[in-house]
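Taken in order, these protein sequences are the chains called A and B. Residue numbering for the first sequence follows the numbering used here, starting at 10 and increasing by one per position. Residue numbering for the second sequence follows the numbering used here, starting at -4 and increasing by one per position. Even for Gly, the Cβ is constructed at its ideal location relative to N, Cα and C. Computed from a predicted model, the values in this text were never measured in an experiment.
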Amino acid sequence: MTENAVEIRNVTKLFSSKRGKNTEEVHAVKGMNLSIPRGKFFTLLGPSGCGKTTTLRLIAGFEQPTSGEVLIQGKPMTNVPPNLRPVNTVFQNYALFPHLNVARNVGFGLEIKRTPRAEREKRVQEALELVQLGEMGNRKPSQLSGGQQQRVALARALVNQPSVLLLDEPLGALDLKLRKAMQIELKQLQVQVGITFIYVTHDQEEALTMSDQIAVMNKGLILQLGDPVTLYERPANRFVADFIGESNFLQGKFLAGDAEITRLQVGERQVVVRSGERTFTPGQEALFTIRPEKILLAAADQATAGSIAGVVQEVIYIGTDTRYLLQLASGQPFIARVQNGCNSALNEFPKGAQVQISWRPEDAHILAN
Amino acid sequence: MNTRRFPSLGSIYFLAIIVLLYLPIALLIIFSFNNATAMVFPFKGFTLQWYGKLFQNRELLKAVGNSLMVGLCSSLIATTLGTMGAIAIVRYNLPGRTVFLAVAALPLVIPYVILGVSLLILFNEFGIPLSAFAAGLAHVIISIPYAMLIVAARLVGFPNNLEEAAMDLGATYWGALLRVTIPICSPALLAAFLLCFTMSFDEFAIASFLVGVDATLPVYLYSQLRFPTRLPTVVALAAILMTVTISVMLFNEWLRRAGQNPAKRVGK
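Right under this line is the structure:
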């Protein structure tokens, strides 16, 4: 057996739609290569229309790749219909059968496989108890709340003991508080049952909370693959840095650098950042990024090596933190976020104040593009 | 709001509609119990003899039989085809979907007399004899759009990935259709069937061209109007027909509403 639950090899999916005489072709997925390890919580993260749901549907078998192939548990799935694939899906709108009660919804897959009645009932009850709906078997889906319907959809998929569970934004319709609770519950459930989860979401916080590994997608391409810490701390490119959390972007001219650190000229000042994989020639433009919470603010008269000057445009107090909207000498906007911890002074830098902006070299890094 | 401002005007208007609409029907039913051949006041006395005569009239009973046969067969076929059409237009992004819809809905707007004449010519060319079968075929054509629209309206109310969910859980395409789509649509299927049946049962214009010697009930009724002495029997029959039709339509409407409620709750 291979180590990978799902392998996507060189898969391209083209959708063509006719508008009048013009046939418009849309690359939903472009030459994707992806290996999803067994037993992990894997997330496809990206804005709407990035191809993440199409990827999920290619794995489920609702779409066929235009080229390339999908393997599940090492077996090629070309021309294998959805009903014969060892995967189950939790749909975005749950897709519960309105004419069947909860128990029959959950038992649907077992009924089709002609599992003996006694075993079926036992497994349905176990699945319902797993999602804490043990007493709800006789209700109709329409009598349940959104969160309960979501659990039924989960039980209906898990009861079939699939090799891979596909989840298409299953928490999207729930309110924030319930969503947060379900995120933790889903992660715990995944660890408990040990099934590979492939989760699709556009919510970066959700992805960071639950995933072992995340693939960030945009326009049909995977832009970065990694664990949550890597994606947040070491985004590979501008899109990932921008999509996951908040980021400041600055442009500088390359001065000198080694494998560890790079010196860049930003306006009048020299700054130090962590080197990326890309190599530069002196004078070449380089883009680097810093998270707002990694910024150190100091009074205007405390300029240090590697600090740049800015003016406070707006001070936004948000409880745990204070957000400073700054403007650099070049006119570029810049965001700093300072935690209101026990030793920080409130209102240290009022609106209009001149400040010095600095950071630790390892917190700023050069992007590939 | 200003409902209190013109209470009399509104209620007079409503009353006028009710009277104009239902008085003739009520009169017909009243006269079907009148003990006289002429339909004039004053009332001559209560009788059930016209209803009694109905059931001794073999020609009439045969016409009822023809109508039932044509109605049942045509509405079964129309509901089946209409359902297939509805699934195709609602669930699949067919190329030329709008054209298909327009063509399929055409029988709704073509006058039945014209449709009857054209079908008469067509069937003649194809060598299909004038018969109850020919009339049934015509009724299938006029019923399909109704069946399709009723079932389509039901399908639209449900998430379109229920079949996908069923297939994801191991059902084949046909299994998903039988276990999920058809059960969900069953109130609409019944409603479509009943509507098609009442349409076929009442339809005169097309049937009059096509039935040949197998007169259906409306065709038979019309032919009897030439004989004044048979008028009360015809009136009695009309009273029965009307009662049955109105009951079926009321039941149908109730069914449609009963079927819609869960859809709204689940479909969001």
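Between the C-alpha atoms of S113/B and F199/B there is a straight-line separation of about 15 Å. F188/B and F50/A have their C-alpha atoms some 50 Å from each other.
Put simply, the backbone Cα of L180/A is about 45 Å away from that of F263/A. For Q341/A, there is no enclosing beta strand (DSSP E), as DSSP gives it neither H nor E. The beta carbons of V20/A and M41/A sit closer together than 8 Å. Taken through DSSP and simplified to helix, strand or coil, I207/A comes out as strand. Annotated three-state conformation of P85/A is strand, per DSSP. Taking 8 Å as the CB threshold, A164/A stays off the interface with chain B. With contacts defined as CB atoms closer than 8 Å, A308/A and L54/A fail to qualify as a contacting pair. Just measuring C-alpha positions, the residue of I207/A, L234/A, W368/A sitting nearest A69/A is I207/A. Against P154/B, the close residues of chain A are N102, A104, in the order they occur along the chain (beta-carbon pairs closer than 7 Å). When C-beta distances to chain B are compared with 8 Å, the residues of the stretch 48 to 69 of chain A below that value are A69, in chain order. Out of L259/A, S256/A, V282/A, I253/A, the CA that lies nearest to the CA of G266/A is found in V282/A. The C-beta of R287/A has fewer than 16 other C-beta atoms within 10 Å across all chains shown, which makes the residue exposed. Per the C-alpha coordinates, the member of F196/B, S203/B, L157/B, A186/B positioned closest to I109/B is S203/B. Contact of K22/A with chain B is not assigned, every C-beta pair being separated by 8 Å or more. P46/A sits away from M162/B, with the two beta carbons spaced by 8 Å or more. In this structure, I317/A sits near L337/A, with a CB-CB distance shorter than 8 Å. Residues of chain A with a Cβ closer than 7 Å to the Cβ of P178/B are, in chain order, H108. Two segments are said to touch when three or more pairs of C-beta atoms, one from each, lie closer than 8 Å; by this definition the stretch 131 to 145 of chain A touches the stretch 154 to 169 of chain A. Judged by DSSP secondary structure, A210/B falls outside any alpha helix (DSSP H); it is assigned neither H nor E. When the alpha-carbon of A362/A is set against those of V200/A, G328/A, S25/A, G319/A, the nearest one is in G319/A. The beta carbon of N147/A sits closer than 8 Å to those of N110, V111, A112, all from its chain and outside the five residues before and after it, given in chain order. According to DSSP, N119/B shares a beta bridge with no other residue.
Among the residues facing chain B, I344/A is not included, as its CB has no counterpart in that chain under 8 Å away.
The beta-carbon distance between N61/B and A210/B, rounded to whole angstroms, is 7 Å. This is short enough to meet the 8 Å contact definition. Within the stretch 49 to 70 of chain B, contact with chain A at the beta-carbon level (separation under 8 Å) is assigned to no residue. Listed along chain B are G165, each with a C-beta nearer than 8 Å to that of K122/A. Around the C-beta of T331/A, 16 or more other C-beta atoms lie within 10 Å, and the residue is accordingly described as buried. Listed as beta-bridge partners of T298/A by DSSP are F258/A, H374/A. Contact between the stretch 63 to 81 of chain A and the stretch 128 to 143 of chain B is absent, with fewer than three C-beta pairs closer than 8 Å. Three or more Cβ pairs closer than 8 Å define a contact, and the stretch 88 to 106 of chain A falls short of that threshold against the stretch 30 to 38 of chain A. Shown here, E357/A sits in coil according to DSSP, grouped into three states, outside any helix or strand. Within its own chain, the residues whose Cβ lies closer than 6 Å to the Cβ of G116/A, once the five positions on either side in sequence are excluded, are R129, V133, listed in chain order. Bridge partners of V239/B according to DSSP: none are assigned. Of the other Cβ atoms in all chains shown, fewer than 16 fall within 10 Å of the Cβ of L245/B; this residue is therefore exposed.
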